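Going by our numbering, the letters in the sequence shown line up with residues 1 to 496, in that order.
Quick reminder that beta carbons are idealized off the backbone N, C-alpha and C, glycines included.
Note that the structure is predicted; figures quoted are calculated from it, not measured.
Down below is the structure, laid out as structure tokens.
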Amino acid sequence: MKRLPPHFRVRVAKKYDATRRKYRFNVVFETVVEPSKRVVAVSEAFGLGLDEERGFAVYRDFTLEFGPGDVVYIVGESGSGKSVLLREIRRALGEEAVDMGEVDVDVARDVPIVETVGWDVEEAVRLLASVGLGDAFVMLRSYEQLSDGQKYRYRMAKLLESKADYWICDEFCSLLDRDTARVVAFNMQRLARRLGKCLIVATCHRDLFEDLNPSVYVEKGFGAEVSVQYRPNEPAKECSLLREISIEEGCFADFLRLSEFHYRGAKRFPVLRVFRAVRRGFVAGAIVYSPPPIHCWGRRYAFSRLPRLGELNRYFANISRVVVHPRFRMIGLGVRLVRETLGLVGRAYVETSAVMARYNPFFERAGMKKIAVKEPNQDLLKALKLLEALGFRRELMASQAYNRRVLARLEAEGLLSEAKKALSHVRNVPIYRTLVRKTYPKVADWHNALERASTTELAKVLTKVASTVQPKVYLLWRNPAIPKCPLDKYLKVELR
């Protein structure tokens, strides 16, 4: 919060009615100066007496009403008195309010920010994503490694997890580019209203009205000029950026352009169709549909008889990738990409198995049905525990570069065989295939391949282990545009 210069004094008359949730402010600035050469010069130049106190009203008989669930948007030029109002509101509310400038960010230098917010990983991801820090590579940085704009957003995430009923933000989103500011504003108001908190923001920017959809809108001019509008307290239906984005046919190159923002990278795989989300020529997101895999763990929970190979190729498609540029996350773009393209693939069934679906149910919001959740088997967990004892960190094993560094250390210490011994406990065919070029490799094939594997090959195996150990969600969608499918009679779940 801005501090007043020492040569100003503020007189404030305020009254707070806790029942009616009303404030009445009468705020007056007064010049209070100690004589000096410069003070005398200014006083003479402007015809002021040194003993005079000249004041001007900033708020005169100003009434402002708000309460939990409200969004208060205060706009005005710099120096118009926005910060004065916020400071007095903060002072009147006491412990009920928290100012973003007071948020504690005393975190260790080497601790990833995902470890410093939220009660668990799901809440941490939700909080960070809501303020535009949802990219995995950003979540794994420490606070000291963030840019100034990212540090500002991190403070917002800490504000969101506070127990206070009133969230106060001065210079709201002033450090952010205006697209990011619109996304953050949309998510802040949505969370505040969902949690029954009151969000009070002040800024000189007037471009956030649609995304905040304020229930109280204050326009502050110079002097005592101020206007207040009380509006219906309704959440913004969607982020204004979303209406500027169109979904259209794309190609694999569109996905490759965004692949650095997907945890599985740019690995090649079979493709049926690709669709992209575009804003002013910029590719903001992409979804890739692939032929269905021959084996998929979740189908047995959806069908009483598993589809045969010919039926899979004819009636099924698989969503293999959905990626959204970090700038456009948490505004519902992933939902739109799925919902608006499911029916364009021309298959009776669309399925997917995804780790992220556990933390962000955007597939379900798009119309797909959650069928089952797959937890890692005990053999895999045992292998992972042994690897962690050797110094591997589970959250970093998705990086082959990280794995190579740890393996190089183990090799130098004569412990590489221990890493191979830990991996020998794995009982997972897709992991076997990272080393064994067989459709159905056996345990003996796996053990032989491990013995011969280089550190580069082992690093790739460890990356596969890291992704496989994550709980996965299987989801399924039935295309209503295709009225009949021979597989419908085997369905064990209701999809329509």
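query	result
Length at least 3, wholly inside the segment 213-241: the beta strand (DSSP E) runs in chain order	216-220, 226-230
Exposure label - S36; buried when at least 16 CB within 10 Å	exposed
Sheet register partners of I168 (DSSP bridge)	D99, I200
Straight-line Cα distance separating R339 from G367	7 Å
Inter-residue Cα distance where the pair is M156 and M100	7 Å
Those runs of the alpha helix (DSSP H) which lie wholly inside the segment 62-143 and span at least 4 residues	82-93, 121-130, 136-139
C-beta atoms of K305 and Y490 nearer than 7 Å	Here residue 305 turns out to be Arg, not Lys, going by the sequence shown. Yes, the pair counts as a contact, with Cβ atoms nearer than the cut-off.
Distance between V201 and V465 (C-alpha atoms, nearest Å)	45 Å
Spatial distance of L462 from K385 (CA atoms)	13 Å
H325 beta carbon less than 7 Å from that of A357	no
Sub-7 Å separation of D211 and R327 beta-carbons	no
A185, DSSP secondary structure in three states	helix
Distance CB(K369)-CB(L450) smaller than 7 Å	no
Simplified DSSP assignment, three categories, for S43	helix
A286 - containing beta strand (DSSP E), residue span	282-290
Residue environment, K472, which counts as buried when at least 16 other CB atoms sit within 10 Å	buried
Span separating the alpha-carbon of Q470 from that of P376	7 Å
Alpha-carbon to alpha-carbon, S162 and K303	For clarity, residue 303 is Phe in the given sequence; the question names Lys instead. C-alpha separation (whole angstroms): 45 Å.
Three-state secondary structure assigned by DSSP to F261	helix
Under the three-state DSSP convention, the category W446 falls into	helix
Own chain, CB closer than 7 Å to V493, minus 5 neighbours either side, in chain order	A302, K369, I371
Which listed residue (L93, G334, L337, G47) has its alpha carbon closest to that of A18	L93
Three-pair Cβ contact test at 8 Å for the segment 164-178 versus the segment 138-146	no
CA-to-CA distance, G391 to A383, given in whole angstroms	13 Å
Top-ranked residue by Cα proximity to K505, from V429, W297, R393	Outside the shown range of the chain (1 to 496) lies residue 505, about which nothing can therefore be said.
Buried or exposed (CB count within 10 angstroms, at least 16 for buried), Y59	buried
Bounding residues of the beta strand (DSSP E) (the contiguous stretch that carries F316)	316-324
A481 to V323 span [Cα, whole Å]	26 Å
Nonlocal neighbours in the same chain, by C-beta distance under 6 Å from A181, ignoring five residues either side	C173
Cβ distance (whole Å) where V216 is taken to contact V226 below 8 Å	The Cβ separation is near 12 Å, so there is no contact.
Cβ neighbours of R3 in the same chain (closer than 7 Å, five flanking residues each side left out)	The pLDDT assigned to R3 is 49, lower than 50, so where the model puts this residue is not dependable; a value taken from the coordinates is nonetheless given after this. Cβ within range, chain order: n/a, list empty.
Other residues of its chain near P5: CB distance less than 6 Å, five sequence neighbours each side excluded	Per-residue confidence for P5 stands at a pLDDT of 49, beneath the threshold of 50, marking its modelled position as unreliable; the derived number appears in the next sentence. Hits under 6 Å: none found.
Reference L333, options C239, H447, Y402, K151, closest by Cα	C239
The segment 251-270 contacting the segment 339-352, beta-carbon criterion three pairs below 8 Å	no
Neighbourhood of L487 by C-beta, 8 Å cutoff - its chain only, sequence neighbours within 5 removed	F303, P307, E311, Y315, A348, Y349
Reference L495; option with closest CA among I89, E364, G221, E102	E364
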